[in-house]
């Protein structure tokens, strides 16, 4: 479960998020939509403690982002990430998997690489990966972490239809997770989301996916 | 019972986990650096210049030739190693931002201070190991060319390690502050130019005003420059600058043994640059 209460973020005089409240229940899959520059990435970064917050709080499964221990509940995949290009796909996963200090489960890494269809490319350096392969590797990392809450920033941006379909099918398979992801693609929101959070004018409004598309059939941002 | 055992062994478990993570950072840094061009390109320049200097120095007198050669080799490194340290370390940090691995690490496990500490250790371990290993290999041709002295070689290695470590850490500070490659290139060149040329010009400008009254303050600033301290340490350690016959003014200037100046300077620059990097790069992370 994700709870955001009164979150306020400003760049100098410009307030990007103004006392934003949002609750995403357990196992909900919520799309975060808004025009370019509306503050979607800012909201995600502020929630995760990557940006200073003026007021407010974000909590993951009841643990505030100001306290210790919230990180084990959350996995985050940024937009246009590249990971380490000189390392192979398998080596990248191995490095991130070792972060918690426990021995790396190589059998599980192999299993996940097969699931995201990267087993054959596991020994190749990421310099030779396509964008779709990189996104699948990112999802593989999230699958390895097995956190309850997944936050993804535009996971299908720039992918061809096949690449997008693979990512969506993986996200579909994660029915037991709470997912927040930002997106501009209405079709994918329709197909996998239970809720939509619309960010406009520094405020946020949450709908069920049915409500959202009933009041706004074109899928444009509700103002 | 199990919980009690866990509590009893808590600190040990934490240390082991931390060690696993640290090893992973060093392993990852080695894979990245050894498969890239930067590390090997820098090493080739250092190797070539070392060999050229050795060929040139064969005519030095056998008795003191080794020490003269080591000091010349160090003086050559003063121009190269800071530049290599600044560029390799700063770009290593910038790439973590550009490749978006930093937000993944910060959101999953690390605090910014923890990330920088591990990154610093990994960068230092890789670059210093390669550098030290090269000068031990280079000792083989030195053996045949001069009256070899292992203690002097170790003193030289210490000076080179401190030089590279300090500029690596300053590079990490710059990488933490910078946001683009072009910005970082400018910052690196500015810092290199300042340390190599500008600071000495500033000291030369103030030199005529130095007297008994202000020599301590002058000394503080003079030895704060790591290049001054390292050079002073090495000249003294190799026997070119004995401290037995100094004037009263110079005695006031050198108020610590050269080894302690070296230690203080290295600790100060490493911790100072790390602290500033944490301060400048901090993005409100509390976890």
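Residue numbers (the numbering used here), protein chains in the order written: chain A, 732 to 954; chain B, 4 to 290. Even glycine gets a Cβ: it sits at the ideal position worked out from N, Cα and C.
Which listed residue (the options) has its alpha carbon closest to that of residue i
| i | options | result |
| --- | --- | --- |
| residue 216 of chain B | B/177, B/183, B/256 and B/225 | B/256 |
| residue 19 of chain B | A/741, A/833, A/819 and A/945 | A/833 |
| residue 124 of chain B | B/283, B/226 and B/26 | B/26 |
| residue 886 of chain A | A/841, A/900 and A/928 | A/900 |
| residue 827 of chain A | B/108, B/211 and B/82 | B/108 |
| residue 825 of chain A | B/150, B/34, B/48 and B/260 | B/34 |
| residue 919 of chain A | A/888, A/744 and A/858 | A/888 |
| residue 878 of chain A | A/924, A/905, A/932 and A/744 | A/905 |
| residue 764 of chain A | A/774, A/756 and A/758 | A/774 |
| residue 782 of chain A | B/131, B/220, B/110 and B/250 | B/110 |
| residue 738 of chain A | A/768, A/788, A/744 and A/760 | A/788 |
| residue 803 of chain A | A/911, A/924 and A/875 | A/875 |
| residue 149 of chain B | B/56, B/64, B/22 and B/249 | B/64 |
| residue 793 of chain A | A/908, A/754, A/762 and A/829 | A/754 |
| residue 284 of chain B | B/230, B/57, B/115 and B/81 | B/115 |
| residue 280 of chain B | B/31, B/47 and B/97 | B/97 |
| residue 265 of chain B | B/142, B/249 and B/164 | B/164 |
C-alpha gap between residue i and residue j, whole angstroms
| i | j | result |
| --- | --- | --- |
| residue 102 of chain B | residue 254 of chain B | 52 Å |
| residue 267 of chain B | residue 233 of chain B | 11 Å |
| residue 197 of chain B | residue 207 of chain B | 14 Å |
| residue 742 of chain A | residue 120 of chain B | 28 Å |
| residue 286 of chain B | residue 780 of chain A | Only weak support is given to the placement of residue 286 of chain B: the predicted model assigns it a pLDDT of 44, under 50, and the value that follows is read from those uncertain coordinates. One C-alpha to the other measures close to 7 Å. |
| residue 291 of chain B | residue 135 of chain B | The structure shown does not extend to residue 291 of chain B, since chain B is modelled only from 4 through 290, so no value can be given for it. |
| residue 185 of chain B | residue 282 of chain B | 22 Å |
| residue 50 of chain B | residue 776 of chain A | 45 Å |
| residue 157 of chain B | residue 275 of chain B | 26 Å |
| residue 169 of chain B | residue 83 of chain B | 13 Å |
| residue 790 of chain A | residue 770 of chain A | 19 Å |
| residue 79 of chain B | residue 126 of chain B | 23 Å |
| residue 938 of chain A | residue 926 of chain A | 6 Å |
| residue 42 of chain B | residue 732 of chain A | 45 Å |
| residue 917 of chain A | residue 854 of chain A | 35 Å |
| residue 821 of chain A | residue 37 of chain B | 17 Å |
| residue 94 of chain B | residue 69 of chain B | 36 Å |
| residue 897 of chain A | residue 24 of chain B | 32 Å |
| residue 251 of chain B | residue 187 of chain B | 44 Å |
| residue 745 of chain A | residue 924 of chain A | 31 Å |
| residue 272 of chain B | residue 131 of chain B | 16 Å |
| residue 913 of chain A | residue 45 of chain B | 43 Å |
| residue 931 of chain A | residue 166 of chain B | 53 Å |
Contact belief for residue i with residue j at Cβ below 8 Å, rounded distance in angstroms
| i | j | result |
| --- | --- | --- |
| residue 171 of chain B | residue 88 of chain B | 4 Å |
| residue 74 of chain B | residue 204 of chain B | About 23 Å separates the two Cβ atoms, so there is no contact after all. |
| residue 734 of chain A | residue 772 of chain A | Their Cβ separation, rounded to whole angstroms, is 20 Å, which puts residue 734 of chain A and residue 772 of chain A out of contact at 8 Å. |
| residue 320 of chain B | residue 194 of chain B | As shown, chain B starts at 4 and ends at 290. That puts residue 320 of chain B outside it, with no answer to give. |
| residue 814 of chain A | residue 890 of chain A | Going by Cβ atoms, the distance from residue 814 of chain A to residue 890 of chain A rounds to 16 Å, so no, they are not a contact pair. |
| residue 856 of chain A | residue 816 of chain A | 7 Å |
Closer than 7 Å at the beta carbon, the chain B residues around residue i
| i | result |
| --- | --- |
| residue 813 of chain A | 102 and 103 |
| residue 806 of chain A | 111 |
| residue 876 of chain A | 111 |
Residue i, enclosing alpha helix (DSSP H) - first and last residue
| i | result |
| --- | --- |
| residue 178 of chain B | 153-180 |
| residue 734 of chain A | Not the alpha helix (DSSP H): residue 734 of chain A falls in the beta strand (DSSP E), residues 733-742. |
| residue 199 of chain B | Careful: residue 199 of chain B lies outside any alpha helix (DSSP H) and carries neither H nor E. |
| residue 893 of chain A | 892-903 |
| residue 931 of chain A | Premise fails: residue 931 of chain A lies in the beta strand (DSSP E), 926-931, not in any alpha helix (DSSP H). |
| residue 50 of chain B | 41-59 |
| residue 881 of chain A | Looking at the DSSP string, residue 881 of chain A is not in any alpha helix (DSSP H); the run it does join, the beta strand (DSSP E), is 880-884. |
| residue 912 of chain A | From DSSP, residue 912 of chain A is part of no alpha helix (DSSP H) but of the beta strand (DSSP E) over 909-913. |
| residue 871 of chain A | 862-876 |
| residue 239 of chain B | 229-240 |
| residue 842 of chain A | 837-846 |
| residue 144 of chain B | 115-148 |
Contacts of residue i in chain A (Cβ-Cβ under 9 Å)
| i | result |
| --- | --- |
| residue 117 of chain B | What residue 117 of chain B touches in chain A: nothing, since even the nearest Cβ is about 10 Å away. |
Contacts of residue i in chain A (Cβ-Cβ under 8 Å)
| i | result |
| --- | --- |
| residue 109 of chain B | 779, 780 and 781 |
| residue 31 of chain B | 815, 818, 822 and 826 |
For residue i, the first and last residue of its enclosing beta strand (DSSP E)
| i | result |
| --- | --- |
| residue 281 of chain B | Looking at the DSSP string, residue 281 of chain B is not in any beta strand (DSSP E); the run it does join, the alpha helix (DSSP H), is 261-284. |
| residue 937 of chain A | 934-939 |
| residue 787 of chain A | 786-791 |
| residue 754 of chain A | 745-755 |
| residue 805 of chain A | 805-808 |
| residue 774 of chain A | Taken as a continuous stretch (DSSP letters only), residue 774 of chain A belongs to no beta strand (DSSP E), being part of the alpha helix (DSSP H) at 771-778. |
| residue 763 of chain A | 760-764 |
Residues that residue i contacts on chain A, provided the C-beta gap is smaller than 7 Å
| i | result |
| --- | --- |
| residue 21 of chain B | 832 |
| residue 112 of chain B | 802, 830 and 831 |
| residue 24 of chain B | 829, 830 and 832 |
| residue 39 of chain B | 817 |
| residue 34 of chain B | 817, 818 and 822 |
| residue 205 of chain B | The contacting residues do not exist; residue 205 of chain B stays about 35 Å from chain A at best. |
| residue 125 of chain B | Simply none; closest approach about 11 Å. |
Listed by chain order, chain B residues near residue i by CB distance under 8 Å
| i | result |
| --- | --- |
| residue 809 of chain A | 103, 106 and 107 |
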